[in-house]
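Here's the structure, in structure tokens; my notes come after.
In the numbering used here, the protein residues as written are 3 to 286.
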């Protein structure tokens, strides 16, 4: 697979990685269909939960809350990412046609994409044990990288930057089985979301046929449907108005890069991963 476009040379003592060959790829149509099905199933799941829950008494007070905080987002590792993921392709590469012992792999690991994130959420509590909430988050990370096996004609590294930004917009239901506002309350929950993403590769690249080096920037943006599962605890701070929250989430979503037509070496970008948050809660 080629990026269309000074020259480059194989690194004489470079690290050689096994190429990933003959990998099945999902088409954009299949991905879109799968994303829609996942979003519909997640919505049906939440609707079913709402129907099965005992109806709250008419006199039950609806308590609103503002939830602000931040934490760490850790994207999925290489072994659990979706088939056709561009970061897997970039990291493991493929053999060069004229030098099969070398590859076009880049030097980075998924742990390099771990970074902080922020979130804000508005909730509606129905009684002491059920809450629905809508929220938005923000994550961004830039990872510098170079080719494993290739340098330019002066022996210098051929460098790039990989940039990923995710802005999740989510709706969740939390179930708090014990306690009430003002008590220590563990909880679990699930929800659906739309994940706005922007992924780009910018810098110098090598044509694997001609070994010419060229500078370019490739960018993919869009919205991807997905889901979240979560669990955590609420710790009261001197009463039932203010609270501290500790929460873990896992999100599922897959975006499209546009593949070779957009300059990328594979069709998808997996947006899934785990996040660990500390938050501050205010009830009204």
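Even for Gly, the Cβ is constructed at its ideal location relative to N, Cα and C.
For residue i and residue j, what's the separation of their Cα atoms in angstroms?
| i | j | result |
| --- | --- | --- |
| residue 200 | residue 143 | 11 Å |
| residue 248 | residue 211 | 52 Å |
| residue 282 | residue 245 | 6 Å |
| residue 146 | residue 67 | 40 Å |
| residue 85 | residue 276 | 19 Å |
| residue 262 | residue 78 | 23 Å |
| residue 88 | residue 182 | 46 Å |
| residue 53 | residue 174 | Its pLDDT being 42, under 50, residue 53 is placed unreliably in this model, and the value from its coordinates should be taken loosely. Each residue's alpha carbon lies about 15 Å from the other. |
| residue 138 | residue 69 | 11 Å |
| residue 265 | residue 222 | 10 Å |
| residue 164 | residue 157 | 22 Å |
| residue 271 | residue 241 | 44 Å |
| residue 193 | residue 206 | 40 Å |
| residue 96 | residue 257 | 22 Å |
| residue 217 | residue 167 | 22 Å |
| residue 135 | residue 115 | 28 Å |
| residue 152 | residue 113 | 23 Å |
Take residue i and list the residues in its own chain whose beta-carbon comes closer than 6 Å to its own, dropping the five residues that flank it on each side.
| i | result |
| --- | --- |
| residue 131 | 178 |
| residue 243 | 285 |
| residue 188 | 235 |
| residue 254 | 228, 229 and 274 |
| residue 190 | 177 and 233 |
| residue 2 | The structure shown does not extend to residue 2, since the chain is modelled only from 3 to 286, so the question has no answer here. |
| residue 225 | 196 and 198 |
| residue 279 | 71, 73 and 249 |
| residue 268 | 86, 88 and 91 |
| residue 1 | What the structure shows of the chain is the stretch from 3 to 286, and residue 1 is not part of that stretch, so it cannot be assessed. |
| residue 252 | 231 and 276 |
Spatial neighbours of residue i within its chain, please: C-beta separation below 7 Å, excluding the five flanking residues on both sides.
| i | result |
| --- | --- |
| residue 140 | 119, 120 and 169 |
| residue 220 | 202, 203, 264, 265 and 266 |
| residue 93 | 80, 107, 108 and 110 |
Going by DSSP, name the residue or residues bridged to residue i.
| i | result |
| --- | --- |
| residue 243 | DSSP output for residue 243 lists no bridge partner at all. |
| residue 174 | 135 and 193 |
| residue 277 | 75 and 251 |
| residue 144 | 165 |
| residue 108 | 149 |
| residue 187 | 236 |
| residue 84 | None; residue 84 has no bridge partner. |
| residue 2 | Because the chain spans 3 through 286 in this model, residue 2 falls outside it and cannot be assessed. |
With a threshold of 8 Å on Cβ separation, who are the neighbours of residue i within its own chain once the five nearest residues in sequence on each side are excluded?
| i | result |
| --- | --- |
| residue 117 | 74, 75, 141, 142 and 143 |
| residue 148 | 108, 109, 159, 160, 161 and 162 |
| residue 127 | 64, 65, 66, 67, 133, 183 and 285 |
| residue 186 | 235, 236, 237 and 238 |
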